[in-house]
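The block underneath contains the structure these notes are about, expressed in structure tokens.
4 protein chains.
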Amino acid sequence: MPQKPAAPLSRSTYPHFLRIPTRWMDNDVYGHVNNVVYYSYFDTVINDWLIHQGGLDIRGGDTIGITPETYCQFRASFSFPDIIEAGLAVGRLGRSSVTYLIGLFKEGEAEAAAVGHFVHVFVDRRTMRPGEAMPPGIRACLEPLVIDWPGSA
Amino acid sequence: MPQKPAAPLSRSTYPHFLRIPTRWMDNDVYGHVNNVVYYSYFDTVINDWLIHQGGLDIRGGDTIGITPETYCQFRASFSFPDIIEAGLAVGRLGRSSVTYLIGLFKEGEAEAAAVGHFVHVFVDRRTMRPGEAMPPGIRACLEPLVIDWPGSA
Amino acid sequence: MPQKPAAPLSRSTYPHFLRIPTRWMDNDVYGHVNNVVYYSYFDTVINDWLIHQGGLDIRGGDTIGITPETYCQFRASFSFPDIIEAGLAVGRLGRSSVTYLIGLFKEGEAEAAAVGHFVHVFVDRRTMRPGEAMPPGIRACLEPLVIDWPGSA
Amino acid sequence: MPQKPAAPLSRSTYPHFLRIPTRWMDNDVYGHVNNVVYYSYFDTVINDWLIHQGGLDIRGGDTIGITPETYCQFRASFSFPDIIEAGLAVGRLGRSSVTYLIGLFKEGEAEAAAVGHFVHVFVDRRTMRPGEAMPPGIRACLEPLVIDWPGSA
């Protein structure tokens with residue numbers, strides 16, 4: 049059992065939020081959102097930010113984000129038709145990589161029902177290798193999300 | 049190629065709308081929302097209505113909706129991070145069954161990008177057989193959605 | 049309620065089968081495979097055939113298949129960990145389009161638990177318009193699947 | 049970047065394998081299986097084992113498995129129509145909880161393309177609290193999967 053949360057539990061820590069309504073098919077046979085689906089909330093809040101704020105062009109751009117690891121701790125359950133408020137922060141911003149911190153909250157609740165992290169390495173679409181640095185637009189949209197979080201060494 | 053739309057193309061025909069944001073993983077390899085996912089928008093707008101307006105209890109209720117058929121015509125594509133406005137109407141309201149009409153619209157557009165129908169038969173959870181009639185709360189929430197649509201014989 | 053099956057009910061009618069194991073998350077809150085997921089079985093058996101037998105190159109090829117309509121009738125349910133045997137036939141093979149017929153069978157059963165159709169129009173990836181004709185490799189892999197089916201006018 | 053693999057990289061370490069074919073919609077816009085979907089392979093290999101070998105009754109049983117955390121490291125990509133061979137082991141078997149180790153392999157390859165862990169706590173379906181111990185049938189099916197793995201403290 050995890051002793052330490054993977055990302056901040058407190059709503060006030062997250063600089064950005066996206067509302068993500070659950071879908072009927074998110075529910076599993078036990079009547080709760082399946083654990084797999086939480087990760088689709090993670091990459092939705094992340095990519096929505098990168099596209100809208102960082103100019104990421106997922107179809108034609110030279111740079112794509114690949115994912116070396118993801119992690120989630122589940123503390124309380126969601127059920128359709130809950131609306132999820134997904135908090136996004138950056139715990140570590142490297143030269144060509146970033147570690148996002150994500151907290152998933154029930155509408156209006158102060159403490160996260162799930163927390164996790166998600167790593168992106170930005171690579172050239174053709175070579176699939178990291179470039180010298182991440183594109184300036186991407187970096188610029190991530191900097192305002194950086195928070196001080198000891199777990200992101 | 050379909051000659052006749054499966055449900056109304058015009059936004060003004062639908063009595064109810066639900067906003068459904070796309071998710072990153074809805075996109076397929078061609079950069080558009082995969083055709084399968086449209087049906088998850090269908091059952092989300094339908095079940096959201098039944099739960100919120102009709103008192104459907106998906107975990108403990110005596111009545112569940114089973115689905116004998118669904119159908120969708122795809123006219124224009126969506127891509128993440130589009131927000132979909134899902135229009136819902138009822139084309140045929142029977143004793144224990146209902147035929148929903150669904151139109152999926154890009155934000156603010158007048159003509160549907162996809163239209164389809166979805167049939168529910170309400171059955172007893174234990175016997176899996178239709179009862180004498182659908183529960184009064186369900187029927188009451190469906191009646192305001194009924195429109196005149198010739199294809200729903 | 050459908051009077052006429054959307055595709056053949058009998059296993060012996062289908063020229064090709066693909067085994068598709070269900071997944072844990074295919075199940076919905078009622079303990080059965082969600083209706084949406086049936087369509088993912090449809091496009092899996094179809095695209096698997098096109099890639100393996102027809103040389104479809106989904107990442108770099110000039111031609112892609114777009115989907116103007118899909119339809120499914122649900123006759124009996126599946127539950128994880130069922131293994132589905134997906135039967136594939138072609139009901140109509142046009143100049144640039146094809147109507148597939150699909151039957152989903154429980155392992156070893158003679159009659160389909162679900163039947164449906166799925167239409168592909170092959171278009172140029174850049175213009176998104178149908179070419180003069182579908183690529184010869186695609187056509188060649190579809191011809192052996194053609195069956196006589198009155199519903200596919 | 050992870051220094052240490054989350055689970056064994058070597059195929060020969062895993063006591064059990066399940067073949068899981070990819071599906072068309074598993075692919076994302078970059079032409080690879082989306083990172084989210086890997087977790088559905090995890091819970092498929094796990095629950096398939098629990099149902100077939102441990103007698104887990106997901107619809108009517110008194111005991112259900114809840115998931116406090118999952119983790120995955122992505123080392124190489126899959127693409128539809130790849131077939132995945134999912135290796136399953138147990139790194140830690142507690143009184144009412146288990147930590148699974150999972151390795152996802154391309155057909156016939158010796159080294160895993162992805163590795164991760166997945167924790168189950170077995171709880172009473174009504175109280176949602178862990179019982180005195182996990183059901184004997186569950187424990188009996190997990191014991192043969194236990195391996196020595198230093199990361200599973």
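Protein chains in written order, with the working numbering: chain C, 49 to 201; chain P, 49 to 201; chain B, 49 to 201; chain H, 49 to 201. Cβ coordinates follow ideal geometry from the N, Cα and C atoms, glycine included. All values reported here derive from a predicted model rather than from experimental measurement.
First through last residue of the beta strand (DSSP E) which encompasses residue i
{"i": "Phe90/B", "result": "Per DSSP, Phe90/B belongs to no beta strand (DSSP E); it is in the alpha helix (DSSP H), 83 to 102."}
{"i": "Ala162/B", "result": "162 to 172"}
{"i": "Pro69/C", "result": "64 to 69"}
{"i": "Lys154/H", "result": "145 to 154"}
{"i": "Thr111/P", "result": "111 to 114"}
{"i": "Glu117/P", "result": "117 to 122"}
{"i": "Ile131/H", "result": "131 to 141"}
Assigned exposure category for residue i - 16 Cβ within 10 Å defines buried
{"i": "Asp172/B", "result": "exposed"}
{"i": "Thr175/B", "result": "exposed"}
{"i": "Ile30/H", "result": "Because residue 30/H is not part of the residues shown, which for chain H are 49 to 201, the question remains open."}
{"i": "Arg177/B", "result": "exposed"}
{"i": "Ser88/P", "result": "buried"}
{"i": "Glu155/B", "result": "exposed"}
{"i": "Asp196/B", "result": "exposed"}
{"i": "Ser60/H", "result": "exposed"}
{"i": "Gly108/H", "result": "exposed"}
{"i": "Ile106/P", "result": "buried"}
{"i": "Ile131/B", "result": "exposed"}
{"i": "Arg143/P", "result": "exposed"}
{"i": "Pro129/P", "result": "buried"}
N- and C-terminal bounds of the alpha helix (DSSP H) containing residue i
{"i": "Gly185/C", "result": "184 to 190"}
Nonlocal neighbours in the same chain, by C-beta distance under 7 Å from residue i, ignoring five residues either side
{"i": "Phe65/C", "result": "Glu133, Ala134, Gly135"}
{"i": "Pro116/C", "result": "Val167, Val169"}
{"i": "Leu152/C", "result": "Tyr86, Tyr89, Ile132, Ala134, Ala160, Ala161, Ala162"}
{"i": "Pro192/P", "result": "Pro63"}
{"i": "Ser127/P", "result": "Asn75, Gly79, His80, Val81"}
{"i": "Arg71/H", "result": "Phe128"}
{"i": "Ala181/C", "result": "Arg143, Ser144"}
Nonlocal neighbours in the same chain, by C-beta distance under 8 Å from residue i, ignoring five residues either side
{"i": "Ser125/B", "result": "His80, Val81, Ala161"}
{"i": "Gln121/C", "result": "Pro50, Pro53, Ala54, Ala162, Val163, Gly164"}
{"i": "Thr118/B", "result": "Tyr87, Phe90, Gly164, His165, Phe166, Val167"}
{"i": "Gly179/C", "result": "Thr111, Ser144, Phe170, Val171, Asp172"}
{"i": "Glu157/B", "result": "Arg59"}
Cβ shell of residue i (< 6 Å), same chain only, five flanking positions each side left out
{"i": "Val93/B", "result": "Leu66, Ala134, Leu136"}
{"i": "Asp76/C", "result": "Asn82"}
{"i": "Thr111/C", "result": "Phe170, Pro183"}
{"i": "Leu57/P", "result": "Glu159, Ala160"}
{"i": "Pro69/P", "result": "Ile131"}
{"i": "Cys189/C", "result": "Gln101, Gly102"}
{"i": "Ile114/P", "result": "Val169, Val171"}
{"i": "Ser145/C", "result": "Val169"}
{"i": "Leu141/P", "result": "Leu190, Val194"}
{"i": "Ala201/P", "result": "Since pLDDT at Ala201/P reaches only 48, below the 50 mark, its modelled position is unreliable, and the value read off the structure follows with that caveat. Once the five neighbours on either side are set aside, Ala201/P has no close Cβ partner at all."}
Anticipated Cβ contact below 8 Å, residue i with residue j, distance rounded
{"i": "Val163/P", "j": "Thr147/P", "result": "Wrong, their Cβ atoms sit about 13 Å apart, outside the cutoff."}
{"i": "Tyr194/B", "j": "Val138/B", "result": "Reading off the sequence shown, one finds Val at residue 194/B, where the question assumed Tyr. About 5 Å; that satisfies the 8 Å criterion."}
{"i": "Met73/P", "j": "Asp91/C", "result": "7 Å"}
Heavy atom of the ligand NAD within 7 Å of residue i beta-carbon
{"i": "Gly139/H", "result": "No copy of the ligand NAD occurs in the structure displayed, which carries no ligand at all."}
Using a Cβ distance threshold of 8 Å, determine whether the stretch 97 to 107 of chain H contacts the stretch 100 to 113 of chain C, with at least three qualifying pairs required. When C-beta atoms of the stretch 97 to 107 of chain H are compared with those of the stretch 100 to 113 of chain C, fewer than three pairs fall below 8 Å, so the two segments do not count as touching.
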